[in-house]
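Please read the structure below before turning to the comments.
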């Protein structure tokens, strides 16, 4: 997916305040990547004046949704269990299928058009909510492995921005944005554009070691798992701007 198109998509998600409008944006994302299904499920979503409630937006077939509910799969779904137990992206191919019940689960999911491969992003909010954002693909295993390396960064950014839109749809107040020093924000912005630490260092006139220091500082400040997670969260809460780079952070060429 071209970077300009991707960040235009992120901007559209940033102003979405209804699940329906956010889901339309995600439709464009799935088509651009050639994905098969997308699913967002959230628990304990805050609702002012009401009890926390679940939220669901999926493109899975009605047959799978009905079978999932009737079989009580929410209690044994290995993807949900993995999400509840960690914060890193979940590659469905890496889930242990030694248990016959888990093999049956994935076999039925494949038969009912869920998709041959999948990635899920767990999201934990400060209000106590938990969400899982998943995409699936019907590509061959080799094609999926090749695509996954490029997809995962974009997917984390989209997942956190979709969750922010879901919170707005629930009427939740925006979280106060954590301040990022300009150097940290600049390093994250260039990371979002796919630059390496060495390339960012050359752009900003600093060493790769200093770039890594700023990235790690931003990660600790935002309480995220890794750099990709940090970029995703910074974009979701508006801490980095993809439309411009502050000119005073770019070394001026000598005349």
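In this note's numbering, the protein residues as written are -14 to 240. Virtual Cβ for every residue (Gly too), placed ideally from N, Cα, C. These figures come from a predicted structure and were not determined experimentally.
Nearest residue (CA-CA) to residue 147, options 224, 76, 131, 108: Position 162 of the chain shown, counted from the first residue, corresponds to residue 147. The residue with the shortest Cα to Cα distance from residue 147 is 108.
Paired residues, beta bridge with residue 109 - DSSP: Taking the first residue of the chain shown as position 1, residue 109 is located at position 124. Paired residues: 115.
Span of the alpha helix (DSSP H) holding residue 146? Locating residue 146 in the chain shown gives position 161, where the first residue counts as 1. From DSSP, the alpha helix (DSSP H) with residue 146 extends over 126 to 154.
Cα-Cα separation between residue 15 and residue 137, rounded to whole angstroms: Here residue 15 corresponds to residue number 30 of the chain shown, with the count starting at 1. Here residue 137 corresponds to residue number 152 of the chain shown, with the count starting at 1. Going by the C-alpha atoms only, they are around 13 Å apart.
In three-state DSSP terms, what is residue 40? Position 55 of the chain shown holds residue 40. In this structure, DSSP gives residue 40 an extended state, which the three-state scheme calls strand.
With burial defined as no fewer than 16 other Cβ atoms inside 10 Å of the residue's Cβ, what is the status of residue 199: buried or exposed? For this step, residue 199 is matched to residue 214 along the chain shown. By the 10 Å Cβ count, residue 199 comes out buried.
Please classify residue 104: does DSSP put it in a helix, a strand, or coil? Taking the chain shown and counting its residues from 1, one reaches residue 104 at position 119. In the structure shown, residue 104 sits in a strand (DSSP, three-state: E or B).
Considering Cα atoms alone, identify which of 85, 90, 129, 44 is closest to residue 65. As a first step, residue 65 must be located in the chain shown, where it is residue number 80. When only C-alpha atoms are compared, the closest one is 90.
Whole-Å CB distance - residue 118 paired with residue 29, under 8 Å assumed: The residue you call residue 118 lines up with position 133 of the chain shown. The residue you call residue 29 lines up with position 44 of the chain shown. In this structure residue 118 does not touch residue 29 by the C-beta definition: roughly 16 Å separates them, more than the 8 Å allowed.
Around the Cβ of residue 169, are there at least 16 other Cβ atoms within 10 angstroms (buried) or fewer (exposed)? Position 184 of the chain shown, counted from the first residue, corresponds to residue 169. Its Cβ being crowded by 16 or more others within 10 Å, residue 169 is buried.
Compare the Cα-Cα distances from residue 32 to each of 25, 155, -8, 81 and report the closest residue. What you label residue 32 is simply residue 47 of the chain shown in a count that begins at 1. Among 25, 155, -8, 81, the Cα nearest to that of residue 32 belongs to 155.
Restricting to Cα atoms, I'd like to know which of 157, 84, 124, 139 is closest to residue 216. In the chain shown, the residue the question calls residue 216 occupies position 231. If we check each option's Cα against that of residue 216, 139 comes out closest.
Classify residue 219 as helix, strand or coil using the three-state DSSP reduction. Residue numbering aside, residue 219 sits at position 234 when the chain shown is read from its first letter. DSSP, reduced to helix, strand and coil, places residue 219 within a helical segment of the structure shown.
Buried versus exposed, by CB contacts within 10 Å (16 or more), residue 152: If you number the chain shown from 1, residue 152 lands on position 167. With a threshold of 16 other beta carbon atoms within 10 Å, residue 152 meets it and is buried.
If the criterion is Cβ atoms closer than 8 Å, does the pair residue 150 and residue 1 meet it? Here the question's residue 150 lines up with position 165 in the chain shown. Here the question's residue 1 lines up with position 16 in the chain shown. Yes; because the gap between Cβ atoms is below 8 Å, this pair is in contact.
So is residue 214 buried or exposed if we call it buried at 16+ other beta carbons inside 10 Å? Locating residue 214 in the chain shown gives position 229, where the first residue counts as 1. Residue 214 is buried by the Cβ-count criterion.
Starting from the C-beta of residue 20, find all residues in its chain whose C-beta is less than 7 Å away, skip the five residues before and the five after it, and write them out in chain order. Within the chain shown, numbered from 1, the residue matching residue 20 stands at position 35. If you ignore the 5 residues before and after residue 20, its C-beta comes within less than 7 Å of the C-beta of 120, 121, 122, all in its own chain and listed in chain order.
What is the rounded straight-line gap between the Cα of residue 241 and the Cα of residue 43? Absent from the model: residue 241. The displayed extent of the chain is -14 to 240, so no value can be given.
Going by DSSP, name the residue or residues bridged to residue 75. Sequence index remark: in the chain shown, residue 75 carries index 90 (1-based). Bridge pairing for residue 75: 105 [DSSP].
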